[in-house]
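S.K.: Those protein sequence lines, which keep their order, are chains R and E.
Using my numbering, the letters of the first sequence correspond one by one to residues 1 to 221.
Using my numbering, the letters of the second sequence correspond one by one to residues 222 to 413.
We put the beta carbon where it would ideally sit given N, CA and C, even for glycine.
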Amino acid sequence: MMYADVYVDEPLDKIVDDWDFLNEKVLPKFLGFRPVGDGVYGMRQILPEAPQTVEQQQQAGTGPIIAAKHRRHWEIGPKGIVQVPRTPLVAHVMLAGTPHHTEHVYGYWHINDVDEITIDIPPAADRPGYVVLMQGHPKGNEADRMAWYCEQCTELVHMTELVTGSLGFKEFWTWERNTVRTYNADPKLRTCWNCGHVNPVGYLALATQDTAEEREARLKW
Amino acid sequence: MVSAAPTLSFDVDVTAGDGRWVRQGNHAIWSGRREPNEPPYVLHEWTERGVRPFPRRDDNAHMRRVPAGTPYHISSLFGFWIVNDVDALLLNAKRGETDYYMLVVGGRTDGLREATSLFVCPKCAARFGEEKFAGLQSGYERFIDAALKRVRGFNADAAQRTCPKCGAVHPPIYGFHAEADLPEERAARAAG
Chain R
1 MMYADVYVDE
11 PLDKIVDDWD
21 FLNEKVLPKF
31 LGFRPVGDGV
41 YGMRQILPEA
51 PQTVEQQQQA
61 GTGPIIAAKH
71 RRHWEIGPKG
81 IVQVPRTPLV
91 AHVMLAGTPH
101 HTEHVYGYWH
111 INDVDEITID
121 IPPAADRPGY
131 VVLMQGHPKG
141 NEADRMAWYC
151 EQCTELVHMT
161 ELVTGSLGFK
171 EFWTWERNTV
181 RTYNADPKLR
191 TCWNCGHVNP
201 VGYLALATQD
211 TAEEREARLK
221 W
Chain E
222 MVSAAPTLSF
232 DVDVTAGDGR
242 WVRQGNHAIW
252 SGRREPNEPP
262 YVLHEWTERG
272 VRPFPRRDDN
282 AHMRRVPAGT
292 PYHISSLFGF
302 WIVNDVDALL
312 LNAKRGETDY
322 YMLVVGGRTD
332 GLREATSLFV
342 CPKCAARFGE
352 EKFAGLQSGY
362 ERFIDAALKR
372 VRGFNADAAQ
382 RTCPKCGAVH
392 PPIYGFHAEA
402 DLPEERAARA
412 AG
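#1: Using the Cα positions of Leu333/E and His137/R, report the straight-line distance between them to the nearest angstrom.
#2: Does DSSP put Asp306/E in a helix, a strand or coil?
#3: Whole angstroms are fine: how far does the CA of Cys192/R sit from the CA of Leu22/R?
#4: Go ahead and pull the three-state DSSP assignment for Asp366/E.
#5: Say whether chain E places a C-beta atom closer than 9 Å to the C-beta of Arg256/R.
#6: Arg127/R versus chain E: which residues are under 8 Å apart at the beta carbon?
#7: Who are Phe349/E's beta bridge partners in DSSP?
#8: So, at 7 Å on beta carbons, what are the nonlocal neighbours of Asn199/R in its own chain, with the 5 sequence-adjacent residues on each side left out?
#9: Just checking my contact of Glu335/E with Leu357/E at CB under 8 Å: how many whole Å lie between their CB atoms?
#10: For the alpha helix (DSSP H) that Thr236/E lies in, which residues bound it at each end?
#11: Who does Gln135/R pair with in a DSSP beta bridge?
#12: Counting Cβ pairs, one atom from each stretch, are 3 or more of them under 8 Å apart for the region 309-328 of chain E and the region 226-241 of chain E?
#13: Out of Gly374/E, Phe301/E and Val263/E, which has the shortest C-alpha to C-alpha gap to Met284/E?
#14: Should Glu116/R and Pro99/R be called a contact, given that it needs their Cβ atoms to be closer than 9 Å?
#15: Applying a beta-carbon distance threshold of less than 9 Å, which residues of chain R neighbour Tyr321/E?
#16: What residues from chain E crowd round Tyr7/R, counting only those whose CB sits closer than 8 Å?
#17: Helix, strand or coil for Arg215/R per DSSP?
#18: Since I believe Pro343/E is in contact with Ser297/E (beta carbons under 8 Å), could you give me their beta-carbon distance rounded to a whole number of angstroms?
#19: Strictly under 9 Å for the Cβ-Cβ distance: is Phe231/E near chain R by that measure?
#20: At 7 Å on the CB atoms, spell out the chain R contacts of Thr268/E, in chain order.
#21: Grab the span of the alpha helix (DSSP H) containing Tyr108/R for me, first residue to last.
#22: Can you grab the Cα-Cα spacing for the pair Ala346/E / Phe301/E, in whole Å?
#23: Take Val163/R and list the residues in its own chain whose beta-carbon comes closer than 7 Å to its own, dropping the five residues that flank it on each side.
#24: With H, G and I counted as helix, E and B as strand and the rest as coil, what does DSSP make of Leu27/R?
#25: Name, please, each residue of chain R whose Cβ falls closer than 9 Å to the Cβ of Gly360/E.
#26: On the three-state DSSP scale, how would you describe Pro404/E?
#27: Report buried or exposed for Gly63/R, applying the criterion of at least 16 other Cβ atoms within 10 angstroms of its Cβ.
#28: Using a Cβ-Cβ cutoff of 7 Å, what residues of the region 370-389 of chain E are near chain R? List them in chain order.
#29: Classify Pro385/E as helix, strand or coil using the three-state DSSP reduction.
#30: Going by C-alpha to C-alpha distance, which of Arg254/E, Glu256/E, Pro274/E and Pro292/E sits closest to Leu12/R?
#31: Go ahead and label Thr182/R buried or exposed: buried means 16 or more other beta carbons lie within 10 angstroms of its beta carbon, across all protein chains shown.
#32: Bridge partners of Ala399/E, per DSSP?
#33: In chain order, what residues of the region 116-140 of chain R put their CB closer than 8 Å to some CB of chain E?
#34: For the beta strand (DSSP E) that contains Ala147/R, what are its first and last residues?
#35: Using Cβ-Cβ distances below 8 Å, what residues of the region 326-349 of chain E are close to chain C?
#36: Under 9 Å, Cβ to Cβ, is there at least one residue of chain R near Leu312/E?
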């Protein structure tokens, strides 16, 4: 090793906090989304089957967001709604502005002003697999948007925006809860202006806070 | 008038990485692999106290963020050191007997504008020969190409390889793409 003579001779774990995001002691810090440096990171454990109840989720210890091997990921582009396959060790890069939704995980379409990368890490020797999510840390006027598109005709039904760049990512979860609950409480917001269809209620990324109707919606879309 | 649908998303297959950088949106992404008979790629970071290696500890996946502004070098992958203006992330996962790596540079929308190549003395850890490259918007490979030219100039000139602090002469180094190695660079890469 060329630099062996000038190595810092202290155990790595003593001098660099959280140096390995995938270390089992560090992973729990990323079960939501955690801003670190120029990025915001999230880790989701891949389970063989999606927990169907909050109790199962708590038992599985998957944290605030359900992750499952067979969930489907959707994006909206020029060709309409398309399913994006999940393949282990294939990084999927979503450029800013792409509406995306992962069924059973969050009941709305998320639109970032920064790019987002998702990669599935297959199970290792003695560890389960993980989904790693990384996106740029929003700055200035960069925002997150939550949108609902009509399930019948794909027209935009409702959308709200949070300027996470100036307000900080910590505001995301409160905004998400308020937005979803407002949308769910008002059938007018869920009624498509184009075709008149009344769309189903949304749900939070935090499954443990589901109301009865949100839990039911989570299992459907 | 020619128009095309915008690219909204794309995939980078880490298991089939061709070793080239993909520069699109807010990130530059590279992926590669190492077989059991090849030395692993090992991340090294420069600190005020010396060089800190981040070797693989077990067969589990690892992910390390290299903060913007931190000089880093990945042994067997590139022999010089890099400073990015935005965070870099090295992901390493094993599948079967093969080690897969993905290096992601970027995040902020106003980052990934410039990168610096430099050298670090293996005897005293002094940094020297720093050269900034602006223009990453047009592709990360342009920086890699420029760095290879620097590597060749460095190897050809003992004066450039002499540490300004301790006077030790730095051994020859290698560029990013192994397939472009000259014999001297190939030997340096093999030596780690």
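M.R.: Quick look at the numbers:
#1: The residue labelled residue 333/E in the question sits at position 112 within the second sequence. The residue labelled residue 137/R in the question sits at position 137 within the first sequence. Note on geometry: alpha-carbon atoms of Leu333/E and His137/R lie some 14 Å from one another.
#2: Start at 1 with the first residue of the second sequence, and residue 306/E comes out as number 85. If DSSP states are grouped into helix, strand and coil, Asp306/E belongs with coil.
#3: For the purposes of this step, residue 22/R is taken as the residue at position 22 of the first sequence. For the purposes of this step, residue 192/R is taken as the residue at position 192 of the first sequence. The alpha-carbon atoms of Leu22/R and Cys192/R are separated by roughly 43 Å.
#4: Counting from 1 along the second sequence, the entry for residue 366/E is found at position 145. In the three-state reduction of the DSSP assignment, Asp366/E falls in the helix class, which pools H, G and I.
#5: There is no way to answer for residue 256/R, as the model of chain R reaches only from 1 to 221.
#6: Within the first sequence, the letter at position 127 stands for residue 127/R. Within 8 Å Cβ-Cβ: Asn281 and Ala282.
#7: Sequence index remark: in the second sequence, residue 349/E carries index 128 (1-based). DSSP output for Phe349/E lists Phe340/E as bridge partner(s).
#8: The residue you call residue 199/R lines up with position 199 of the first sequence. Here the set comprises Trp148, Cys150, Glu151, Val157, Arg190 and Cys192.
#9: In the second sequence, counting from the first residue as 1, residue 335/E sits at position 114. In the second sequence, counting from the first residue as 1, residue 357/E sits at position 136. 6 Å between Cβ atoms; contact.
#10: Here residue 236/E refers to the residue found at position 15 when the second sequence is read from its first residue. From DSSP, Thr236/E is part of no alpha helix (DSSP H); its letter is neither H nor E.
#11: As a first step, residue 135/R is located in the first sequence; it is residue number 135 there, counting from the start. Paired residue(s): Val40/R and Glu116/R.
#12: yes
#13: Residue numbering aside, residue 284/E sits at position 63 when the second sequence is read from its first letter. Of Gly374/E, Phe301/E and Val263/E, the residue nearest in Cα terms is Val263/E.
#14: Within the first sequence, numbered from 1, the residue matching residue 116/R stands at position 116. Within the first sequence, numbered from 1, the residue matching residue 99/R stands at position 99. No, Cβ-Cβ distance for Glu116/R and Pro99/R is not below 9 Å.
#15: As a working note, residue 321/E is residue 100 in the second sequence. Those are Leu89, listed as they occur along chain R.
#16: Numbered from its first residue, the first sequence carries residue 7/R at position 7. Near Tyr7/R (Cβ distances below 8 Å), the residues of chain E are Gly271, Val272, Arg273 and Pro274.
#17: Against the first sequence, residue 215/R aligns to sequence position 215. Here Arg215/R sits in helix by DSSP.
#18: Walking along the second sequence from the start, residue 297/E turns up at place 76. Walking along the second sequence from the start, residue 343/E turns up at place 122. Actually they are not in contact, since the Cβ atoms of Ser297/E and Pro343/E sit about 15 Å apart, beyond 8 Å.
#19: As a first step, residue 231/E is located in the second sequence; it is residue number 10 there, counting from the start. Yes, Phe231/E lies at the interface with chain R (some Cβ there is under 9 Å from its Cβ).
#20: Here residue 268/E refers to the residue found at position 47 when the second sequence is read from its first residue. Simply Val8.
#21: Working through the first sequence from its first residue, we reach residue 108/R at position 108. First-last for Tyr108/R: undefined, no H or E at that position.
#22: Residue numbering aside, residue 346/E sits at position 125 when the second sequence is read from its first letter. Residue numbering aside, residue 301/E sits at position 80 when the second sequence is read from its first letter. A direct Cα-to-Cα measurement between Ala346/E and Phe301/E gives close to 13 Å.
#23: Numbered from 1 along the first sequence, position 163 holds the residue referred to as residue 163/R. Result list for Val163/R: Asn141 and Ala143, in chain order.
#24: Taking the first residue of the first sequence as 1, we reach residue 27/R at position 27. Helix at Leu27/R.
#25: One-based indexing of the second sequence puts residue 360/E at position 139. In chain order: nothing, as chain R lies at least about 16 Å away.
#26: By 1-based counting over the second sequence, the position of residue 404/E is 183. Looking at Pro404/E - three-state DSSP - the assignment turns out to be helix.
#27: Sequence index remark: in the first sequence, residue 63/R carries index 63 (1-based). Confidence at Gly63/R is low in this model, with a pLDDT of 43, below 50, so its placement is unreliable and the value that follows should be read with caution. Flag for Gly63/R reads buried.
#28: none
#29: Working through the second sequence from its first residue, we reach residue 385/E at position 164. Looking at Pro385/E - three-state DSSP - the assignment turns out to be coil, as it is neither helix nor strand.
#30: Counting from one through the first sequence, the residue named residue 12/R turns up at place 12. Checked all of Arg254/E, Glu256/E, Pro274/E and Pro292/E; the closest Cα to Leu12/R is Pro274/E.
#31: Working through the first sequence from its first residue, we reach residue 182/R at position 182. Classification of Thr182/R: exposed, given that the 10 Å Cβ count is below 16.
#32: As a first step, residue 399/E must be located in the second sequence, where it is residue number 178. Residue pairing from DSSP leaves Ala399/E without any beta-bridge partner.
#33: Legend: CB atoms of the region 116-140 of chain R lying less than 8 Å from CB atoms of chain E belong to residues Ile117, Ile119, Ile121, Pro122, Ala124, Ala125, Asp126, Arg127, Tyr130, Val132, Met134, Gln135, Gly136, His137 and Lys139.
#34: Translated into positions along the first sequence, residue 147/R becomes position 147. It spans Asp144 to Tyr149 - the beta strand (DSSP E) in which Ala147/R sits, taken as one unbroken run.
#35: Absent from the structure: chain C. Protein chains present are R and E.
#36: Taking the first residue of the second sequence as position 1, residue 312/E is located at position 91. Yes, contact with chain R.
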